[in-house]
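The block underneath contains the structure these notes are about, expressed in structure tokens.
Protein chains: 2
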Amino acid sequence: MDHARFAECLSDHSAMARAALLDWLPRGDPDRHLYGPMRSFIEASGKGLRPALVLATCRAFGGDPQDALISAAALELLHNAFLVHDDIEDESEFRRGQPCMHTTLGVPLAVNVGDAMQTMALRLVRRNAERLPPAVAVRVLDEFDHMLVQSIEGQAMELGWIRDNDMAVSPQDYLRMTLKKTCWYSFIHPCRIGAVIARPQGCDLDAFNAFGFYLGAAFQIQDDVLNLVGDQDKYGKEIGGDLYEGKRTLMLARLFHHADPGERQTLSRFLATRRQERDAHSVAWVMQRLDHYACIDYARKAAGELIGAARIAFDIAYAGASGEDKDFIGYLIDYVVARNS
Amino acid sequence: MDHARFAECLSDHSAMARAALLDWLPRGDPDRHLYGPMRSFIEASGKGLRPALVLATCRAFGGDPQDALISAAALELLHNAFLVHDDIEDESEFRRGQPCMHTTLGVPLAVNVGDAMQTMALRLVRRNAERLPPAVAVRVLDEFDHMLVQSIEGQAMELGWIRDNDMAVSPQDYLRMTLKKTCWYSFIHPCRIGAVIARPQGCDLDAFNAFGFYLGAAFQIQDDVLNLVGDQDKYGKEIGGDLYEGKRTLMLARLFHHADPGERQTLSRFLATRRQERDAHSVAWVMQRLDHYACIDYARKAAGELIGAARIAFDIAYAGASGEDKDFIGYLIDYVVARNS
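Sequence lines, in order, name chains A and F. What the first sequence shows, in the working numbering, is residues 1 to 341, in sequence order. What the second sequence shows, in the working numbering, is residues 1 to 341, in sequence order.
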């Protein structure tokens, strides 16, 4: 599979899920303060990796993607629910090149829109009962339940570190947080859900856990790297935003470990400063220290090793799969670290 | 039933639900930033009206309250989820005589704890499948789904009015918002859920809609009145807080209607001011205008009339019920407007 075909598959799968989602989402009152902003946010949504992974996995294991469409659409909605609340929690300013929802609609209404998206995602996934065998529909709900709790626990870890200005976060802590915050809902469960819908019996779902963890961790590290060194026009978020937000990335975990006492003190003061009061000069100093200790190279190398592990885990997890959709997921593994947006 | 016995029944029902909830809630990591604050918030929780209404209705219709315990506990958890997000959305400062969660834990983590409570409430209510007939368990989930969406839509209406500084809100608008924001989840669905668990077939659930609307609207109006004229020690929230928050109450809807052009202008300026910048002098002026146009008397009278309607609707909805639990709910009707906290 070449890149053009990969991009086409990604766009086809994700357009299918988004169309189903927009078709299902309520219209009407309260429109201006609830369903309108919800639809606009979905309409502007990103690449659709997660629903593509659900649909491709389902088809790779011989399933009918129509059977997985509700799950794919619900997952995309849940992802958007997370983004709306994450942006509030991180005090982010930009998303997809636009001001975040809470900056245009205000925090109170944005919290409420996020709640509505989460609720609507679960309402949608319950509609699987109309199409799938009852045991499979319940199973998919269990998968959603697990991904929600894991993601929220991961978010609590990350936000707790920022709140406590924790400078003892190690690479291992970072990976455990990333497993919870990112891997379960973005990679592991999409694969598991696609597979269980295609083959309610004959699939070892836990084989996707290793694959999704390696791939998801590489994805998150690459996301963190892009946040530092990416091209804002392509990336859609502010460059260096994670530093302004005090996020504990793999790069920062390495810097915590290597920094001398004086640097630790300066870094601690920087991280304890309120986001609005951090200045470009201090951010540049942190960037320079990250560079000095080769933290970005370290992160890129870690992402590369995780991608290697993901390739091996892919061969195991997708041994029973075949066809172009399997190739699509295989290509995705390389894309995750090659992407620039 | 006298007040002492009513208070005892309320406390018994609510203690039973709270104990079941605390027993079920996760302990452990992430403790300090997620499950710890969640448990503390539940432990400090209020009167437990909603779980009591579920359990009492179930028993009044001849059901086993043990069958309704999961639903009662899940409803109490969902109520607490709403409170955590509501307090953020309203920029409230006190709850139950304590600083709100977002003021102690910070907005980011409090948004996340609220998300976790909502997720956990739905996880808990799904456990009904282990005890109730499958069709009843699904039915209860449908009830939760409806209450969530209605409550969020009501919240969007209320927050939207504040955001737009809407001064065209009429008593009818207020009642429609209250039906959505308060009545469904606090009164209508608790009764419906208790009844459907007791009598999966022989109950007209829609008869509870009128009862719960009248009772819930009276409850909310009384809550708004207490917010203006109550005793802070008993009420647990700051007196006049709704005015600082710019909430559109029935009293304010009447003032919008009666105020002369000069008063409307002053009121509009007051309501357009950011919460932190509203001063006690302006709040006193609004109080004085509310008094001048007898807005509090008007609201008390409306609550009284709604209570009259609730009594009639109660006789219809609970015609097939009997015993002390029915008396408890009958007493609750009067308590709703007689309470001072």
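Even glycine gets a Cβ: it sits at the ideal position worked out from N, Cα and C.
Check: For chain A, check one thing: does any of its Cβ atoms lie closer than 8 Å to the Cβ of residue 23 (chain F)?; Outcome: no
Check: Alpha helix (DSSP H) containing residue 311 (chain F): first to last residue?; Outcome: 295 to 317
Check: Kindly say whether residue 101 (chain A), judged by its beta-carbon, lies nearer than 8 Å to any beta-carbon of chain F.; Outcome: no
Check: Any C-beta of chain A within less than 9 Å: which residues of the stretch 24 to 41 of chain F qualify?; Outcome: 26, 29, 30, 32, 33, 34, 35
Check: Rounded to whole angstroms, what is the Cα-Cα separation between residue 189 (chain A) and residue 205 (chain A)?; Outcome: 9 Å
Check: Is the beta carbon of residue 194 (chain F) sitting closer than 8 Å to the one on residue 73 (chain F)?; Outcome: no
Check: With three or more beta-carbon pairs closer than 8 Å as the criterion, would you say the stretch 322 to 332 of chain A touches the stretch 17 to 29 of chain F?; Outcome: no
Check: Within the same chain, show all residues whose beta-carbon is closer than 7 Å to that of residue 192 (chain F), passing over the 5 residues directly before and after it, in chain order.; Outcome: 143, 205, 208
Check: Round the Cβ separation of residue 128 (chain A) and residue 140 (chain A) to the nearest angstrom and send it over; I've been treating them as touching at under 8 Å.; Outcome: 5 Å
Check: Which residue wins for smallest C-alpha separation from residue 146 (chain A), given the options F:120, F:171, F:326?; Outcome: F:120
Check: Can you find a C-beta in chain F that's less than 8 Å from the C-beta of residue 128 (chain A)?; Outcome: no
Check: Looking at the unbroken alpha helix (DSSP H) that takes in residue 23 (chain F), where does it start and where does it end?; Outcome: 3 to 24
Check: What's the call for residue 316 (chain A), buried or exposed, on a 16-neighbour Cβ count within 10 Å?; Outcome: exposed
Check: Taking the Cβ atom as the reference point for each residue, do residue 153 (chain A) and residue 215 (chain F) lie within a distance shorter than 8 Å?; Outcome: no
Check: For the alpha helix (DSSP H) containing residue 174 (chain F), list its first residue and its last residue.; Outcome: 171 to 178
Check: Which residues bound the alpha helix (DSSP H) around residue 71 (chain A)?; Outcome: 65 to 89
Check: As a quick exercise: from F:293, F:97, F:196, F:341, pick the residue whose alpha carbon is nearest that of residue 135 (chain F).; Outcome: F:196
Check: Using a Cβ-Cβ distance under 8 Å, would residue 112 (chain F) count as near chain A?; Outcome: yes
Check: Give, in chain order, every residue of the stretch 149 to 160 of chain F whose Cβ lies closer than 7 Å to some Cβ of chain A.; Outcome: 149, 152, 153, 155, 156, 157, 159, 160
Check: How is the alpha helix (DSSP H) around residue 188 (chain A) delimited, first residue to last?; Outcome: Taken as a continuous stretch (DSSP letters only), residue 188 (chain A) belongs to no alpha helix (DSSP H), as it is neither H nor E.
Check: Counting contacts by CB-CB distance shorter than 8 Å, is residue 93 (chain F) in contact with chain A?; Outcome: no
Check: Take residue 177 (chain A) and list the residues in its own chain whose beta-carbon comes closer than 6 Å to its own, dropping the five residues that flank it on each side.; Outcome: 154, 157, 158
Check: Find out if the Cβ-Cβ distance for the pair residue 280 (chain F), residue 267 (chain F) is shorter than 8 Å.; Outcome: no
Check: I believe residue 96 (chain F) touches residue 48 (chain F) by the beta-carbon criterion, under 8 Å. Please report the beta-carbon distance rounded to the nearest angstrom.; Outcome: Not really, about 12 Å apart at Cβ, beyond 8 Å.
Check: Between which two residues does the alpha helix (DSSP H) harbouring residue 27 (chain A) extend?; Outcome: No alpha helix (DSSP H) contains residue 27 (chain A), which DSSP labels as neither H nor E.
Check: So residue 150 (chain A) is in the alpha helix (DSSP H); what residue range does that whole segment cover?; Outcome: 134 to 163
Check: Determine the DSSP secondary structure at residue 94 (chain A), reduced to helix, strand or coil.; Outcome: strand
Check: Is it true that the CB of residue 54 (chain F) sits closer than 8 Å to the CB of residue 78 (chain F)?; Outcome: no
Check: Between residue 184 (chain F) and the rest of its own chain, which residues show a CB-CB distance below 6 Å, the 5 nearest in sequence each way excluded?; Outcome: 147, 150
Check: Whole angstroms are fine: how far does the CA of residue 298 (chain A) sit from the CA of residue 226 (chain F)?; Outcome: 60 Å
Check: If distances are taken between C-alpha atoms only, which option among A:106, A:252, A:98 comes closest to residue 168 (chain A)?; Outcome: A:252
Check: Three-state secondary structure (DSSP) at residue 368 (chain F)?; Outcome: Residue 368 (chain F) is absent from the model: chain F starts at 1 and stops at 341.
Check: What are the complete alpha helix (DSSP H) segments, minimum 4 residues, inside the stretch 193 to 238 of chain A?; Outcome: 207 to 229, 232 to 235
Check: May I ask you to list the residues that DSSP assigns as paired with residue 99 (chain F)?; Outcome: F:94
Check: Helix, strand or coil: which one does DSSP assign to residue 129 (chain A)?; Outcome: helix
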